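Residue numbers (full-length UniProt numbering): 1 to 171. For every residue, glycine included, the Cβ atom is placed at its ideal position computed from N, Cα and C. As the structure is a computational prediction, the values presented were derived from the model and not from experiment.
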(Lines of atoms letter the chains of each structure in order from A and count residues from 1; the text may use other names and numbers.)
(Lines give C-alpha, C1' and ligand atoms only; values in the text may rest on other atoms or scores of the structure.)
Protein backbone atom coordinates (compact mmCIF):
# COMPACT_ATOMS: atom_id res chain seq x y z
CA UNK A 1 0.00 0.00 0.00
CA UNK A 2 1.42 3.35 -1.05
CA UNK A 3 2.06 6.19 1.37
CA UNK A 4 -0.78 8.68 1.04
CA UNK A 5 0.54 11.24 3.50
CA UNK A 6 -0.41 14.15 1.24
CA UNK A 7 -4.02 12.93 1.27
CA UNK A 8 -4.51 12.71 5.04
CA UNK A 9 -7.90 14.01 6.08
CA UNK A 10 -9.66 13.07 2.84
CA UNK A 11 -12.65 10.70 3.02
CA UNK A 12 -12.06 6.98 2.58
CA UNK A 13 -13.72 6.90 -0.85
CA UNK A 14 -11.19 9.44 -2.18
CA UNK A 15 -8.31 7.46 -0.65
CA UNK A 16 -9.62 4.25 -2.26
CA UNK A 17 -9.78 5.93 -5.67
CA UNK A 18 -6.24 7.25 -5.25
CA UNK A 19 -4.94 3.83 -4.19
CA UNK A 20 -6.65 2.23 -7.18
CA UNK A 21 -5.02 4.71 -9.61
CA UNK A 22 -1.63 4.10 -7.97
CA UNK A 23 -1.97 0.31 -7.93
CA UNK A 24 -2.95 0.31 -11.61
CA UNK A 25 -0.11 2.72 -12.48
CA UNK A 26 -2.66 5.19 -13.88
CA UNK A 27 -2.24 8.18 -11.57
CA UNK A 28 0.16 9.87 -13.97
CA UNK A 29 -2.25 9.29 -16.88
CA UNK A 30 -5.10 10.84 -14.88
CA UNK A 31 -3.04 13.94 -14.04
CA UNK A 32 -1.55 14.38 -17.51
CA UNK A 33 -4.99 14.08 -19.09
CA UNK A 34 -6.45 16.77 -16.81
CA UNK A 35 -3.35 19.00 -16.81
CA UNK A 36 -1.37 18.28 -19.99
CA UNK A 37 1.27 21.00 -19.89
CA UNK A 38 3.33 23.33 -17.73
CA UNK A 39 3.02 27.09 -17.58
CA UNK A 40 5.80 29.45 -18.66
CA UNK A 41 5.95 31.58 -15.50
CA UNK A 42 9.46 30.81 -14.31
CA UNK A 43 10.88 34.16 -13.21
CA UNK A 44 10.09 36.08 -10.05
CA UNK A 45 9.07 39.08 -12.14
CA UNK A 46 6.49 37.07 -14.09
CA UNK A 47 5.23 35.47 -10.87
CA UNK A 48 4.79 38.91 -9.31
CA UNK A 49 2.86 40.16 -12.37
CA UNK A 50 0.69 37.03 -12.36
CA UNK A 51 -0.07 37.39 -8.64
CA UNK A 52 -0.78 41.10 -8.89
CA UNK A 53 -3.23 40.55 -11.75
CA UNK A 54 -5.19 38.12 -9.54
CA UNK A 55 -4.99 40.51 -6.60
CA UNK A 56 -6.22 43.45 -8.68
CA UNK A 57 -9.10 41.42 -10.03
CA UNK A 58 -10.34 39.90 -6.77
CA UNK A 59 -8.78 41.75 -3.83
CA UNK A 60 -8.56 45.45 -4.68
CA UNK A 61 -8.89 46.52 -1.04
CA UNK A 62 -6.37 44.04 0.36
CA UNK A 63 -3.12 45.39 1.79
CA UNK A 64 -0.37 46.10 -0.74
CA UNK A 65 1.95 43.31 -1.74
CA UNK A 66 5.65 44.18 -2.02
CA UNK A 67 7.13 40.97 -3.33
CA UNK A 68 6.20 37.59 -4.77
CA UNK A 69 8.94 35.10 -5.55
CA UNK A 70 9.85 31.49 -6.03
CA UNK A 71 11.85 30.28 -3.04
CA UNK A 72 13.49 26.82 -3.04
CA UNK A 73 13.76 26.81 0.76
CA UNK A 74 10.03 27.15 1.43
CA UNK A 75 9.07 23.46 1.58
CA UNK A 76 12.33 22.36 3.18
CA UNK A 77 12.28 24.84 6.05
CA UNK A 78 8.58 25.45 6.58
CA UNK A 79 6.94 22.23 5.38
CA UNK A 80 4.66 24.33 3.17
CA UNK A 81 4.19 25.11 -0.50
CA UNK A 82 3.86 28.83 0.00
CA UNK A 83 4.39 31.42 2.70
CA UNK A 84 2.69 34.73 3.30
CA UNK A 85 5.11 36.88 5.27
CA UNK A 86 4.40 40.17 6.99
CA UNK A 87 7.76 41.76 7.74
CA UNK A 88 8.17 44.86 9.87
CA UNK A 89 11.54 46.58 10.09
CA UNK A 90 12.74 49.68 11.89
CA UNK A 91 14.25 52.13 9.44
CA UNK A 92 15.41 55.54 10.59
CA UNK A 93 13.11 55.62 13.59
CA UNK A 94 10.10 54.55 11.50
CA UNK A 95 8.52 51.16 11.08
CA UNK A 96 8.37 49.85 7.52
CA UNK A 97 5.90 47.06 6.82
CA UNK A 98 6.28 44.73 3.86
CA UNK A 99 4.12 41.86 2.71
CA UNK A 100 5.69 39.05 0.75
CA UNK A 101 4.52 35.81 -0.77
CA UNK A 102 7.06 33.06 -1.29
CA UNK A 103 6.13 30.09 -3.44
CA UNK A 104 8.01 26.79 -3.46
CA UNK A 105 10.14 26.67 -6.60
CA UNK A 106 8.61 23.28 -7.50
CA UNK A 107 5.76 25.38 -8.94
CA UNK A 108 8.05 26.54 -11.75
CA UNK A 109 7.45 23.17 -13.40
CA UNK A 110 3.78 22.39 -12.99
CA UNK A 111 0.47 23.18 -14.69
CA UNK A 112 -0.73 26.76 -14.38
CA UNK A 113 -3.85 25.57 -12.55
CA UNK A 114 -1.69 24.39 -9.64
CA UNK A 115 0.32 27.61 -9.58
CA UNK A 116 -2.91 29.62 -9.61
CA UNK A 117 -4.28 27.54 -6.73
CA UNK A 118 -1.25 28.18 -4.51
CA UNK A 119 -1.14 31.90 -5.41
CA UNK A 120 -4.87 32.20 -4.64
CA UNK A 121 -4.25 30.43 -1.32
CA UNK A 122 -1.49 32.84 -0.33
CA UNK A 123 -3.40 35.91 -1.53
CA UNK A 124 -6.36 34.85 0.61
CA UNK A 125 -4.04 35.05 3.63
CA UNK A 126 -3.79 38.80 3.05
CA UNK A 127 -7.37 39.05 4.35
CA UNK A 128 -7.80 35.87 6.38
CA UNK A 129 -4.84 34.68 8.45
CA UNK A 130 -6.43 31.39 9.56
CA UNK A 131 -7.67 28.48 7.49
CA UNK A 132 -11.30 29.02 8.40
CA UNK A 133 -14.61 29.07 6.54
CA UNK A 134 -14.12 32.67 5.37
CA UNK A 135 -10.65 31.83 4.09
CA UNK A 136 -11.88 28.93 1.94
CA UNK A 137 -14.86 30.96 0.69
CA UNK A 138 -12.42 33.62 -0.49
CA UNK A 139 -10.25 30.97 -2.18
CA UNK A 140 -13.33 29.62 -3.98
CA UNK A 141 -14.36 33.12 -4.99
CA UNK A 142 -11.00 33.62 -6.70
CA UNK A 143 -10.76 30.04 -8.02
CA UNK A 144 -14.10 28.16 -8.22
CA UNK A 145 -12.28 24.82 -8.70
CA UNK A 146 -10.06 25.43 -5.66
CA UNK A 147 -10.88 22.19 -3.81
CA UNK A 148 -10.48 19.97 -6.89
CA UNK A 149 -7.17 21.65 -7.71
CA UNK A 150 -5.96 21.16 -4.15
CA UNK A 151 -6.83 17.45 -4.32
CA UNK A 152 -5.18 17.03 -7.73
CA UNK A 153 -2.08 18.88 -6.53
CA UNK A 154 -1.89 16.49 -3.58
CA UNK A 155 -2.26 13.57 -6.00
CA UNK A 156 0.61 14.96 -8.08
CA UNK A 157 2.76 15.30 -4.97
CA UNK A 158 1.88 11.73 -4.01
CA UNK A 159 2.94 10.51 -7.46
CA UNK A 160 6.21 12.46 -7.19
CA UNK A 161 6.85 11.04 -3.72
CA UNK A 162 6.35 7.48 -4.97
CA UNK A 163 8.50 7.84 -8.09
CA UNK A 164 10.95 10.45 -6.75
CA UNK A 165 10.65 12.57 -9.89
CA UNK A 166 8.63 15.50 -11.20
CA UNK A 167 5.77 14.39 -13.43
CA UNK A 168 6.14 17.49 -15.61
CA UNK A 169 9.88 17.26 -16.35
CA UNK A 170 10.50 15.45 -19.58
CA UNK A 171 13.61 13.27 -19.69
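Distances from the CA of residue 70 to each of 88, 107, 96 and 84 were compared; the closest alpha carbon is that of 107.
For residue 89, the number of other beta carbons within 10 angstroms of its own is below 16, and it is reported as exposed.
For residue 19, the enclosing alpha helix (DSSP H) stretches over residues 12-23. Annotation for residue 97: the continuous beta strand (DSSP E) segment containing it runs 94-104. Residues 167 of the same chain have their beta carbon placed closer than 8 angstroms to that of residue 32, with the five preceding and five following residues left out of the count.
If you draw a straight line from the Cα of residue 7 to the Cα of residue 23, it comes to about 16 angstroms.
Using a Cβ distance threshold of 8 angstroms, residue 39 and residue 144 do not count as a contacting pair. Pairing residue 104 with residue 82 gives a Cβ-Cβ distance under 8 angstroms.
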